[in-house]
Structures are given as structure tokens and as C-alpha cells.
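Heads up, the sequence shown is in this note's numbering, so the first residue is 34 and it goes up one at a time.
Where is the CB? At the ideal position from N, CA and C, for every residue including glycine.
Remember, predicted model here, so these are calculated numbers, not experimental data.
Here's the structure we're looking at; comments come further down.
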Amino acid sequence: MTRRSRRTLGLSVLLAGLCALGLWFYRSQEASYSRRLEDELLAVAKLKVEQIAAWRAERLGDGAVLGNNPLFRRDLSRWLASATPEPPEEIRIVLENLRRAYRYDDILVVSPAGRVLWSLEPENPSLDATSLLLLKRAFRERRAQLSDLHEGPQGVPHLGLVVPFLDRTGTASRPVAGLVLVQQAQTHLYPLLRAWPVPSATAEALLVRREGDRAVYLNPLRHAPQGPLKLRLPLLRQDLPAVQAVRGATGVVRGVDYRGEKVLAALLPVPDSPWFLETKVDVQEAFGNWRQEARLILALFGALLALLCGAGILLWRRDLLDQASLRTQAEAQRESSEERYRSLFEDHRAMMWVVDPEDGSIVDANPAAAAFYGWSREELSHMKVGRINTSPPGAIRQAMADGLAGAPMPFLFQHRLADGELRDVEVYTSPISWGHRKLLFSIIHDVTDRLRLEEEHRVLQDRLMQAQKMESVGRLAGGVAHDFNNMLQVILGTCNLILDQLPQEDPLREDLLEIHKAALRSAELTRQLLAFGRRQPAVPQVLDLNETIADLIPSLRRLAGSSVDLSWIPGEDLWPVRMDPFQVEQILANLTTNARDAISGFGRVRVETRNVTLDEDSARMLDNRPGDYVLLSLSDDGLGMSPEVREHAFEPFFSTKDELGTGLGLSTVEGIVVQNGGFLHLDSELGEGTTFRIYLPRWGSSASPLRETPLDPNLPRGQGETILLVEDEVPILSLENRTLEALGYRVLAAETPEKALTLAAEHDGSIHLLVTDVVMPGMNGRELAESLWALEPGMKCLFMSGYTADIIARQGILDEEVQFLPKPFSMNDLAVKVREILRF
34 MTRRSRRTLG LSVLLAGLCA LGLWFYRSQE ASYSRRLEDE LLAVAKLKVE
84 QIAAWRAERL GDGAVLGNNP LFRRDLSRWL ASATPEPPEE IRIVLENLRR
134 AYRYDDILVV SPAGRVLWSL EPENPSLDAT SLLLLKRAFR ERRAQLSDLH
184 EGPQGVPHLG LVVPFLDRTG TASRPVAGLV LVQQAQTHLY PLLRAWPVPS
234 ATAEALLVRR EGDRAVYLNP LRHAPQGPLK LRLPLLRQDL PAVQAVRGAT
284 GVVRGVDYRG EKVLAALLPV PDSPWFLETK VDVQEAFGNW RQEARLILAL
334 FGALLALLCG AGILLWRRDL LDQASLRTQA EAQRESSEER YRSLFEDHRA
384 MMWVVDPEDG SIVDANPAAA AFYGWSREEL SHMKVGRINT SPPGAIRQAM
434 ADGLAGAPMP FLFQHRLADG ELRDVEVYTS PISWGHRKLL FSIIHDVTDR
484 LRLEEEHRVL QDRLMQAQKM ESVGRLAGGV AHDFNNMLQV ILGTCNLILD
534 QLPQEDPLRE DLLEIHKAAL RSAELTRQLL AFGRRQPAVP QVLDLNETIA
584 DLIPSLRRLA GSSVDLSWIP GEDLWPVRMD PFQVEQILAN LTTNARDAIS
634 GFGRVRVETR NVTLDEDSAR MLDNRPGDYV LLSLSDDGLG MSPEVREHAF
684 EPFFSTKDEL GTGLGLSTVE GIVVQNGGFL HLDSELGEGT TFRIYLPRWG
734 SSASPLRETP LDPNLPRGQG ETILLVEDEV PILSLENRTL EALGYRVLAA
784 ETPEKALTLA AEHDGSIHLL VTDVVMPGMN GRELAESLWA LEPGMKCLFM
834 SGYTADIIAR QGILDEEVQF LPKPFSMNDL AVKVREILRF
């Protein structure tokens, strides 16, 4: 490309860049102007929201001051006790002063039933429905209440402040009377909305709320004849900012208003109220000033383009004059080019050489190559590539042929250095002309360290894939737990109810007992699957592992069989650990079973515990973290494992026992150990036996003994307490309802949280206990309990679920202080748990 062409191209690029820059500047200015408008609109909205919130707070403050005035309360009580129709002068003076000071339109004295006893305006004979409901709420909550904006008897929008007065002379507070302070919205609220910081033809502040599937405008409209509370627009009109506000949107949005005009609007909720504020202005007005600024920007940009075009013409004419001088300089540049490239070859730190592809001899090598390989440049120039490259001669010749043909790069070889060390290298080769010969120019990179890191990364990637595979199978195992546990709950509970009703000599008892045993075995299998998937709903406790294992040794010896000598060596002063004791039993049962199956004839199994502290070096050898651990080891002198079996030992469903094994034993053990923050180490060789070492993290506090709830020979029975039972599975709800009623409790049964709330509100007496499922549609068990505590502060709770631990944990249920009963459970379990909770 000639210099003239380059300049032409450069000028074109400059013009294109200028156009792009101008467009960017235009867009940035437009965006800046838009942001400024949005900030101003949002500031107005925040100011008005603060004013409205302050006004509401002032009204509630009026009610609090009046309700807590002991003199006024005394005078009011005396007047009501006197049964005279007119209040005394001091009461009328207080109420008249209050109306004049805060511009209330009327103040009414009403009975607890809502009958108007006296008012400043005699034409107000009764309360409207909104004020009547608010009066009941004020007496119930014992504090002043502010109503929503609504129409009074004359159709005038107003708000009511209800102040309850209670007789506190006895042991319980008794409603005496209430004050209803009425204030029209036109007096204070609407003026706050009409005010705007700057003159504007279209700006407007709107107050809206949601009523069913409609958005209702609460204040007079500037550009429409409808009055307050008259214009109601459907929530399907999502292009309306008012609709977006009541649906929860905040900030600045664009849309159309009730006139159909495009507007820019800021949306904010009014705190402690059902109101939402919309401050808006027409887009046509908002961006009017910007259009004038845009015309000026475009005019300046056009002038700059014209100036640049003129400069381009001048440069083009100058370029013609420079052509001659450029031709004289070209020869000088060619002469210096060879020197520069020679310097690049000599001085570059990358290894470079030139090879003759005919015989593989090295024609030349740079100093960096001599320093890397350990031979001098002269020695390298008398060597052939085959002396350095460890590949077979045929592979070297093929690589040189590929280099001449322009094959994809790089080539990966092993090169031998002068001292005999082998290094992995990447070779980038391209053909060059050297006089009349075709040679290969090669750049060599030492990649030994990089390949080592890549291999380490591959090993880590394999471990990650294995962990992900375990996680996927674990999710599959945990996914069916809830439904399966619910079915087992129905089977176990129904068996218990029927067995309780059948006489001992009935022949059906044996069949029912077999069904009950099969359901218990199924529940055990479910727990194993969940433990393997690390989703067992465990309840960890601080344990002395020696005490826990000592209780299990007799059953482990029976499990190992008479041909196996199982010895138990407890460690001294063993540190405490924190885990579910049932999981300790699962670990030892699975490992003992594996050891028994690996022993042919007579053999030995050794169970041992001790304290260990892993420093940095020992933890690195075990590929884990340093720290204090309790080591639980189980060793056998059985057949041992081959390297292939050890590699797959902890994979789910991998078994060497043909159809006799499930392949879940060691996977379950690993799942439990990892779930409790520990790690597992396996040592085994064919013919040398097997040792499993389980490292459980030391717990910081001393072990606390488990407290078992003693079971009476007869099921504990109720004393007429009321239980609210909530379960979304109808068969389980019916079963638990029958069980609790048979135990002497009064049961309110609900299949949904919504029905439970309704039953609680309609129930006259106290509710002593809530028994609820954790995960239900619409509202979980924790949210239901919190809603019911507002009605029954002294109510106790029992949560139950068949879901796995990770799902329940997200519901916030598995805290140590929360009462929880995992499904499936027996009628005995439910009876003992309910009685235990109600007793304390």
C-alpha cells in the first residue's frame, strides 16, 4: 500500500472515528440529560413521600398524646359513668382546641360497639363501615389507628384517626369509649401533592393504591375530570406507571398516563401505608430543552466535519510532493532491514535456530538456544536435530516435512540438554528462504513446568467431576425422600392404629407386624440413601465417641459373626466430636459388614480411636486441612483390595459382591463423613487386609450426654389440650388426626396453611400446640407459626417433614432449639413427642 493510499485510508478512518465520537458524544449528552431529569423527578417523589409519611406520623402522634392524657381519660370516664347526653365543658374545650389546632373537620365520641355518643358536628349520626372496623382494631391492639383514604357519608374523601380509651382499674383492660377524629384529604393531604418545585405545564403527583385487580387514583387529577377515588384502571395495563407502582415497581420508569400521553415517572411506596406515589411529567415537555441543545451539537459537529475534509484535501496535495522523496528512502530502509532482523535473532531471549530439512543439520542457532541446551553456538552448528530431539528419526523427518508444508503449530517434543536432562518443548516452525535454499526457522519454548501444572490441573478436574457425579446421584437419592417417607408414614401409622384395636389372639396381628417390619426396613433404606447423598436430616450432637462406640460393640460383634474376632481399643482422653449418633452406627455397621465379607474363614477386626493433630506436612500428605481430629479406624486381615477396586470403592452402586451387594455401603460412609466436615483415608493391598481411617474434626466444647425420652409401657395421653394439625397430604392428615384424637386431644385439622389460619381465627379457646409440616404450597411451616404466634403468643410448635436436610435447612427449621420430628414416625413417637412438648 502506497503512502498516499495509507493517508487516504487514515483520513477515512479519522472521519469514521469522528463520526463515531460525535455519535457517542450525542448519546452521552442525551443520557446525561435523561439522568438529570430522572434524578430531579425522583428527588421530588422522595420529598413528597417524606412529607406524607411525616403527616401520617403527626396524626398518629395526636392520637397517642390524647390517648395517654390521664386528665382527659379521667374526665371522659366520669362523663360516661354519669349517663348524661352532653359532655362537660372541659371535654368540649379540649376537643374544640384540638380541632382548631390541627384542622380536624369533626371529632366523635363513640361507644365500644360503634354508636356515636356525641360529636362536634351533630349532623354526623353514625360511623361509616371503615371507621367501625378501625375502631374494633384499635380496641384489639390498644393503640391509635389511622384509616385509609375513603369517602364519607357525603362522598367527601377523608381519613379517620381512631383513639381507644380503656378502663385499666381492674386486672384486665376493658374498652370504655373511642374518639374518631375526621380530617378531609382536601385540607392537608392534597395540598402536599399539588405543590411542585418549579413551574410546569404537565407535571403532576399522584397517590394510588391497589384494590383487587384495579389501581385507584386517590387524589384529584390535573388533566382529567374524574375526582379522587373515582378513576380505577385494571392491573393488566402494565404500561401505566400507576399500575407498575402498585405491582411493586420503584424508581424511574417510562410509560403512558391515564390520558394516554407518554410520560416519565418516578415511583415510590409510602412507608407504613398501602399508598404508592407517582410523580410524572410529559416526555414532550421534559425533553424540550434537550432538543434545542441537540440542534446546536449537530451544527458544531457538521462544521468540524467540513474543517476536516478541507484538511484532508491539503494533505492529499502534499502527499503528491512527498512521493519522490519516499522512493529515495526505500533503498536505505531495505539496507537497514537485514541488520534489524539479524539483531532480532541474536538478541531475542527465545530459543531460535535454523535447520536444513534435507538432513536435519542445524545451520545456525542464537545465543539463547546455546544457553538453554548447554552447547556453544559453534557446537550446535555442527550437530543434527536428531541428537537433541528424542523422537524416532521417522517422526523427526515427518515433522520437518510438515513444517515445510505449513502444518498447524506447534510441535511437542522432548529435547535432551548437554547434561542429559530431558525438557518438554513446543517448536514453532516456518519455511524461510536462505539464499537459494529452503530452510526451516524454528522458535522453541520450554513448556516443562506448564505441562506439569496442566497435569496437576487435570487431576484436580477429575476429582471435581467425581464430586459432581456424587452430588448428582445424591440429589437423585434425596429427591424421592419426601414422597417415600410420606407413604411410609401412612403405612406405619395405619398399622399402629389397627394393631392397637386388634386383640392379641387375632391371627391378622402377625401379618400386620410383618407389614410394619417391612416399612421400618424401607425407612432404614431411605436413611442410607440420604446419608450417601449427604442429605440425611441429621440432628448433630456433641459426643464422646468412646461412649457411643462402646454401646455399639455388642451389636457389631453379632454383625461380624462368630468366626470374626472384633476387638475394641478406645483412646485415652478422647476429644469430643459433633455428629448424629445414628450416623456413627451407620458408619461402623457398613465398615464391619465390608470387613466380614472380606474375611475368608477366621479373621480379626480391630476398632480403635485416638486423638491426632495434623500439621501442614501431614495434612498435605492426606490432601486435607491441618488441625485437631479424632481418628476412628477399623482394620481387618481380609483379602484386601486391588488398585482398580480401591479407585472405585466409594462410587455409588459399585460392588464386588455380584448381586449380593447394593454398592451403597462405602458411599454412605463417605457421605456421612463429608457431611460432618471430616475426611476418609483407605489403605489396602491384595492379601494384606484393609484399614479405613476416618478423621472427624475436634469439637471445641466438652461432650454432653444424650437425653433420651423414656417411653412408658402405655402411650402418654392428652388432657384435653387443643392441637392445630396442618398437613398437605390428606391421607397423612387423616391418620395423624385419628391418632391424636384417640390419645385424648382436641384436634383442629387443616390441609392448607390458609385453612389453618381461618380455623385459628374462628376458634374460641386457646390453641396449645401447632403440629405442622415444614414444606407446603404457598406458605412454609415457619411462616405459618410466626403468623399464628400473633394470635396465640403462648402456643408451642412441633415441625415434621419427610423432606431432606438441605431443603428443610433453607426453611430455617433445623435449629437445635426447634422441636422437629422426621418422617416416617410411629404413633408411639408422635404420642411421646407431643406429650413431652406440652409438659414443659
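Candidates 140, 117, 118 and 613: which alpha carbon is nearest residue 127's? 140
Please list, in chain order, all residues of the same chain as residue 822 whose beta carbon is under 8 Å from its beta carbon, the five residues on each side excluded. 828
In whole angstroms, what separates the C-alpha of residue 629 from that of residue 731? 30 Å
Under DSSP, the alpha helix (DSSP H) around residue 614 begins and ends at which residues? The continuous alpha helix (DSSP H) containing residue 614 extends over residues 614 to 631.
If you check the beta carbons only, do residue 578 and residue 545 fall under 7 Å apart? no
Separation of residue 389 from residue 447, as counted between CA atoms: 20 Å
Decide yes or no for the touch test of the stretch 193 to 209 against the stretch 166 to 179: beta carbon pairs closer than 8 Å, at least 3 of them. yes
I believe residue 702 touches residue 620 by the beta-carbon criterion, under 8 Å. Please report the beta-carbon distance rounded to the nearest angstrom. 5 Å
Starting from the Cα of residue 641, find the closest Cα among 684, 343 and 724 and give me that residue. 724
Do residue 523 and residue 266 come within 7 Å of each other at the CB atom, strictly closer than that value? no
Can you tell me the Cα-Cα spacing of residue 148 and residue 307, whole angstroms? 28 Å
Evaluate residue 692 with the Cβ neighbour count: other Cβ atoms within 10 Å of its Cβ, from every protein chain shown; 16 or more gives buried, anything less gives exposed. With a pLDDT of 48 at residue 692, under the threshold of 50, the modelled position of this residue cannot be trusted; read the value that follows with caution. With fewer than 16 other Cβ atoms within 10 Å, it is exposed.
CB contact flag (residue 310, residue 303, <7 Å): yes
Between the CA atoms of residue 482 and residue 434 - distance to the nearest angstrom: 29 Å
With a threshold of 7 Å between beta-carbons, can residue 559 be considered close to chain C, or not? Protein chains in the displayed structure number just one, and chain C is not present.
Going by C-alpha distance, which of 658, 710 and 869 is nearest residue 749? 869
Residues in the same chain with beta-carbon distance under 8 Å from residue 484, minus the five sequence neighbours each way, listed in chain order, please. So the qualifying residues of the chain are 457.
If you draw a straight line from the C-alpha of residue 137 to the C-alpha of residue 292, how long is it? 34 Å
DSSP three-state label for residue 828, please. coil
If you follow the beta strand (DSSP E) that residue 161 is part of, which residue opens it and which one closes it? It is not in any beta strand (DSSP E) - residue 161 carries neither H nor E in the DSSP assignment.
What do you get for residue 366, buried or exposed, if any count of 16 or more other CB atoms within 10 angstroms of its CB means buried? exposed
Alpha carbon of residue 776 to alpha carbon of residue 533, nearest angstrom: Cα to Cα, residue 776 sits roughly 12 Å from residue 533.
Hey, could you find the ends of the alpha helix (DSSP H) residue 401 is sitting in? 400 to 406
Applying the criterion that 16 or more other CB atoms from any shown protein chain within 10 Å of the CB defines a buried residue, is residue 865 buried or exposed? That one is buried.
State the start and end residues of the unbroken alpha helix (DSSP H) segment that holds residue 709. Per DSSP, residue 709 belongs to no alpha helix (DSSP H) and is neither H nor E.
Inter-stretch contact at 8 Å, needing at least 3 Cβ pairs: the stretch 780 to 790 / the stretch 811 to 825: Flag = yes, the stretch 780 to 790 and the stretch 811 to 825 touch.
Relative to the C-alpha of residue 161, which candidate in 853, 595, 184 and 255 has its C-alpha closest? 184
The stretch 214 to 228 / the stretch 265 to 284 touching (three or more Cβ pairs under 8 Å): no
Cβ-based burial, residue 760 [other Cβ within 10 Å; buried from 16]: buried
Would you list, in sequence order, the uninterrupted alpha helix (DSSP H) runs of no fewer than 4 residues that lie entirely inside the stretch 100 to 143? 103 to 115 and 122 to 135
Where residue 224 sits in the DSSP three-state scheme: helix
When the Cα of residue 212 is compared with those of 439, 145, 270 and 190, which residue comes out closest? Comparing Cα positions, the closest option is 145.
Relative to the C-alpha of residue 756, which candidate in 520, 793 and 729 has its C-alpha closest? 793
Coil, strand or helix - residue 811 by DSSP: coil
Restricting to runs no shorter than 4 residues, where is the alpha helix (DSSP H) found entirely within the stretch 198 to 282? As far as the stretch 198 to 282 is concerned, its whole alpha helix (DSSP H) runs of at least 4 residues are 222 to 227 and 274 to 279.
Residue 169 in three-state terms, based on DSSP: helix
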